Amino acid sequence: MSGLRETKKAATRTALSRAAAEIALMEGPEAFTVAAIAAAAGVSPRTFHNYFPSREDALVQFVVIRVQELTDQLYEFPTSVPPRDAIEQLVINQLRDGDDAMDSFSAMFRIGEILENLDPIKCVIDKERLIAPLLEFMVERDKDLDKFDAATLIHLHAAAIATSLHTFYQAPEPRDIEDGVALIRRACAWIKK
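And the structure:
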(Lines of atoms letter the chains of each structure in order from A and count residues from 1; the text may use other names and numbers.)
(Lines give C-alpha, C1' and ligand atoms only; values in the text may rest on other atoms or scores of the structure.)
Protein backbone atom coordinates (compact mmCIF):
# COMPACT_ATOMS: atom_id res chain seq x y z
CA MET A 1 0.00 0.00 0.00
CA SER A 2 2.79 2.41 0.84
CA GLY A 3 4.35 1.82 -2.62
CA LEU A 4 1.19 3.06 -4.33
CA ARG A 5 0.98 5.99 -1.94
CA GLU A 6 4.58 6.99 -2.63
CA THR A 7 3.97 6.70 -6.36
CA LYS A 8 0.93 9.00 -6.08
CA LYS A 9 2.91 11.50 -4.01
CA ALA A 10 5.72 11.52 -6.57
CA ALA A 11 3.19 12.02 -9.38
CA THR A 12 1.59 14.94 -7.53
CA ARG A 13 5.00 16.50 -6.86
CA THR A 14 5.89 16.17 -10.54
CA ALA A 15 2.52 17.57 -11.65
CA LEU A 16 2.97 20.58 -9.36
CA SER A 17 6.49 21.28 -10.59
CA ARG A 18 5.42 20.94 -14.23
CA ALA A 19 2.42 23.23 -13.64
CA ALA A 20 4.77 25.78 -12.07
CA ALA A 21 7.02 25.66 -15.13
CA GLU A 22 4.10 25.91 -17.57
CA ILE A 23 2.62 28.93 -15.80
CA ALA A 24 5.97 30.68 -15.45
CA LEU A 25 6.77 30.11 -19.13
CA MET A 26 3.36 30.63 -20.72
CA GLU A 27 1.80 33.29 -18.53
CA GLY A 28 4.81 35.01 -17.01
CA PRO A 29 6.05 35.57 -13.46
CA GLU A 30 3.07 37.76 -12.51
CA ALA A 31 0.69 34.82 -13.02
CA PHE A 32 3.09 32.48 -11.24
CA THR A 33 1.23 32.10 -7.93
CA VAL A 34 0.73 29.17 -5.57
CA ALA A 35 -3.03 29.32 -6.21
CA ALA A 36 -2.54 29.18 -10.00
CA ILE A 37 -0.03 26.33 -9.77
CA ALA A 38 -2.28 24.33 -7.45
CA ALA A 39 -5.33 24.89 -9.69
CA ALA A 40 -3.40 23.84 -12.81
CA ALA A 41 -2.30 20.64 -11.07
CA GLY A 42 -5.82 19.97 -9.77
CA VAL A 43 -5.01 20.31 -6.07
CA SER A 44 -5.61 22.88 -3.34
CA PRO A 45 -3.06 25.48 -2.25
CA ARG A 46 -2.87 23.62 1.05
CA THR A 47 -1.89 20.44 -0.80
CA PHE A 48 0.69 22.47 -2.74
CA HIS A 49 2.28 23.49 0.58
CA ASN A 50 2.46 19.84 1.65
CA TYR A 51 4.94 19.38 -1.21
CA PHE A 52 6.71 22.72 -1.56
CA PRO A 53 7.32 25.63 0.80
CA SER A 54 7.23 28.13 -2.08
CA ARG A 55 6.40 28.53 -5.75
CA GLU A 56 10.12 28.92 -6.43
CA ASP A 57 10.81 25.49 -4.94
CA ALA A 58 8.28 23.94 -7.32
CA LEU A 59 10.04 25.58 -10.26
CA VAL A 60 13.46 24.43 -9.05
CA GLN A 61 12.06 20.89 -8.76
CA PHE A 62 11.08 21.03 -12.44
CA VAL A 63 14.71 21.78 -13.30
CA VAL A 64 15.93 18.92 -11.09
CA ILE A 65 13.52 16.49 -12.78
CA ARG A 66 14.57 17.66 -16.26
CA VAL A 67 18.27 17.20 -15.44
CA GLN A 68 17.52 13.64 -14.31
CA GLU A 69 15.51 12.96 -17.48
CA LEU A 70 18.30 14.35 -19.65
CA THR A 71 20.86 12.26 -17.80
CA ASP A 72 18.71 9.19 -18.42
CA GLN A 73 18.88 10.04 -22.13
CA LEU A 74 22.68 10.18 -21.92
CA TYR A 75 22.68 6.53 -20.82
CA GLU A 76 20.99 5.66 -24.12
CA PHE A 77 24.19 6.54 -25.99
CA PRO A 78 26.49 3.57 -26.62
CA THR A 79 29.26 3.20 -24.04
CA SER A 80 31.74 3.69 -26.89
CA VAL A 81 30.64 7.35 -27.15
CA PRO A 82 32.77 9.48 -24.80
CA PRO A 83 30.68 11.32 -22.19
CA ARG A 84 31.70 14.75 -23.52
CA ASP A 85 30.52 13.81 -27.00
CA ALA A 86 27.29 12.35 -25.61
CA ILE A 87 26.49 15.60 -23.77
CA GLU A 88 27.20 17.68 -26.87
CA GLN A 89 25.08 15.42 -29.08
CA LEU A 90 22.22 15.35 -26.57
CA VAL A 91 22.05 19.14 -26.52
CA ILE A 92 22.15 19.24 -30.32
CA ASN A 93 19.42 16.60 -30.57
CA GLN A 94 17.25 18.53 -28.12
CA LEU A 95 17.74 21.75 -30.04
CA ARG A 96 16.86 20.09 -33.34
CA ASP A 97 13.84 18.23 -31.91
CA GLY A 98 11.93 21.36 -31.07
CA ASP A 99 12.38 24.61 -29.34
CA ASP A 100 8.84 25.23 -28.17
CA ALA A 101 8.25 22.14 -26.04
CA MET A 102 8.17 22.29 -22.25
CA ASP A 103 11.03 19.81 -22.16
CA SER A 104 13.27 21.78 -24.53
CA PHE A 105 16.53 23.50 -23.68
CA SER A 106 14.81 26.74 -24.61
CA ALA A 107 12.32 26.16 -21.79
CA MET A 108 15.13 25.28 -19.36
CA PHE A 109 17.02 28.39 -20.41
CA ARG A 110 13.97 30.62 -19.89
CA ILE A 111 13.21 28.99 -16.52
CA GLY A 112 16.78 29.75 -15.47
CA GLU A 113 16.21 33.40 -16.38
CA ILE A 114 12.92 33.45 -14.46
CA LEU A 115 14.59 31.94 -11.38
CA GLU A 116 17.33 34.58 -11.55
CA ASN A 117 14.67 37.30 -11.39
CA LEU A 118 12.62 35.82 -8.55
CA ASP A 119 13.32 36.15 -4.83
CA PRO A 120 16.99 35.08 -4.48
CA ILE A 121 16.43 33.86 -0.93
CA LYS A 122 13.74 31.44 -2.11
CA CYS A 123 15.55 30.44 -5.32
CA VAL A 124 18.46 28.54 -3.88
CA ILE A 125 19.44 25.69 -6.17
CA ASP A 126 21.47 22.93 -4.59
CA LYS A 127 24.00 22.59 -7.39
CA GLU A 128 25.49 19.41 -5.96
CA ARG A 129 22.06 17.77 -5.95
CA LEU A 130 21.40 19.11 -9.43
CA ILE A 131 24.58 17.69 -10.98
CA ALA A 132 24.65 14.43 -9.00
CA PRO A 133 23.08 12.34 -11.81
CA LEU A 134 25.46 13.83 -14.38
CA LEU A 135 28.42 13.28 -12.07
CA GLU A 136 27.52 9.62 -11.74
CA PHE A 137 27.18 9.31 -15.53
CA MET A 138 30.56 10.96 -16.20
CA VAL A 139 32.47 8.85 -13.66
CA GLU A 140 30.73 5.67 -14.76
CA ARG A 141 31.38 6.24 -18.48
CA ASP A 142 34.95 7.58 -18.24
CA LYS A 143 37.06 5.58 -15.80
CA ASP A 144 39.88 8.16 -16.10
CA LEU A 145 37.72 10.77 -14.37
CA ASP A 146 37.45 11.14 -10.64
CA LYS A 147 34.58 13.12 -9.11
CA PHE A 148 36.54 16.38 -9.13
CA ASP A 149 37.44 16.07 -12.81
CA ALA A 150 33.90 15.04 -13.70
CA ALA A 151 32.40 17.98 -11.76
CA THR A 152 34.82 20.35 -13.49
CA LEU A 153 33.81 19.01 -16.91
CA ILE A 154 30.12 19.29 -16.05
CA HIS A 155 30.52 22.94 -15.06
CA LEU A 156 32.59 23.65 -18.18
CA HIS A 157 29.90 22.04 -20.36
CA ALA A 158 27.16 23.95 -18.55
CA ALA A 159 28.96 27.25 -19.15
CA ALA A 160 29.76 26.43 -22.79
CA ILE A 161 26.23 25.29 -23.56
CA ALA A 162 24.64 28.21 -21.69
CA THR A 163 26.83 30.65 -23.64
CA SER A 164 25.90 28.95 -26.91
CA LEU A 165 22.18 28.96 -26.16
CA HIS A 166 22.24 32.52 -24.85
CA THR A 167 23.94 33.71 -28.04
CA PHE A 168 21.54 31.69 -30.19
CA TYR A 169 18.38 32.85 -28.39
CA GLN A 170 19.50 36.49 -28.55
CA ALA A 171 19.69 36.32 -32.35
CA PRO A 172 16.75 37.90 -34.17
CA GLU A 173 13.90 35.73 -35.45
CA PRO A 174 13.73 33.68 -37.56
CA ARG A 175 16.66 31.72 -36.16
CA ASP A 176 18.24 28.82 -38.01
CA ILE A 177 18.61 25.82 -35.70
CA GLU A 178 21.83 24.87 -37.48
CA ASP A 179 23.35 28.18 -36.34
CA GLY A 180 22.63 27.06 -32.79
CA VAL A 181 24.15 23.65 -33.50
CA ALA A 182 27.29 25.33 -34.84
CA LEU A 183 27.56 27.45 -31.68
CA ILE A 184 27.19 24.39 -29.46
CA ARG A 185 29.86 22.49 -31.42
CA ARG A 186 32.17 25.51 -31.32
CA ALA A 187 31.78 26.00 -27.57
CA CYS A 188 32.18 22.30 -26.78
CA ALA A 189 35.32 22.17 -28.96
CA TRP A 190 37.02 24.44 -26.42
CA ILE A 191 36.47 21.83 -23.72
CA LYS A 192 38.03 19.10 -25.85
CA LYS A 193 41.27 21.02 -26.52
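Using full-length UniProt numbering, read the sequence shown as starting at 1 and increasing by one per residue. No residue lacks a Cβ here, since even glycine has one placed at the ideal position from N, Cα and C. From a predicted model like this one, the values you see are computed outputs, not experimental measurements.
Candidates the options: closest to residue i by CA position
| i | options | result |
| --- | --- | --- |
| residue 95 | 190, 191, 2 and 182 | 182 |
| residue 111 | 176, 6, 13 and 19 | 19 |
| residue 245 | 154, 48 and 41 | This structure cannot speak to residue 245, because the chain is shown only from 1 to 193. |
| residue 49 | 73, 148, 35 and 76 | 35 |
| residue 161 | 172, 134 and 109 | 109 |
| residue 131 | 106, 150 and 175 | 150 |
| residue 102 | 11, 38, 179 and 15 | 15 |
| residue 72 | 157, 135, 185 and 10 | 135 |
| residue 106 | 6, 186 and 180 | 180 |
| residue 188 | 69, 126 and 84 | 84 |
| residue 157 | 192, 13 and 9 | 192 |
| residue 195 | 113, 175 and 9 | An answer regarding residue 195 cannot be provided, because it is not within the stretch 1 to 193 covered by the chain. |
Cutoff 8 Å; reference residue i; Cβ partners in own chain excluding five residues on either side
| i | result |
| --- | --- |
| residue 146 | 139 |
| residue 129 | 64 |
| residue 75 | 137 |
Sequence-distant residues of its chain with Cβ nearer than 6 Å to residue i (five each side left out)
| i | result |
| --- | --- |
| residue 118 | 56 |
Backbone secondary structure at residue i - three-state DSSP
| i | result |
| --- | --- |
| residue 144 | coil |
| residue 75 | coil |
| residue 21 | helix |
| residue 156 | helix |
| residue 98 | coil |
Mind the definition here: the segment 83-90 touches the segment 23-37 only if three or more C-beta pairs lie below 8 Å; say whether that holds. Counting C-beta pairs with one atom in each stretch, the segment 83-90 and the segment 23-37 have fewer than three that are closer than 8 Å, which means they do not touch.
Determine contact between the segment 157-173 and the segment 58-66, defined as no fewer than three beta-carbon pairs at a distance below 8 Å. With a cut-off of 8 Å, the segment 58-66 and the segment 157-173 do not count as touching, because too few Cβ pairs lie within range.
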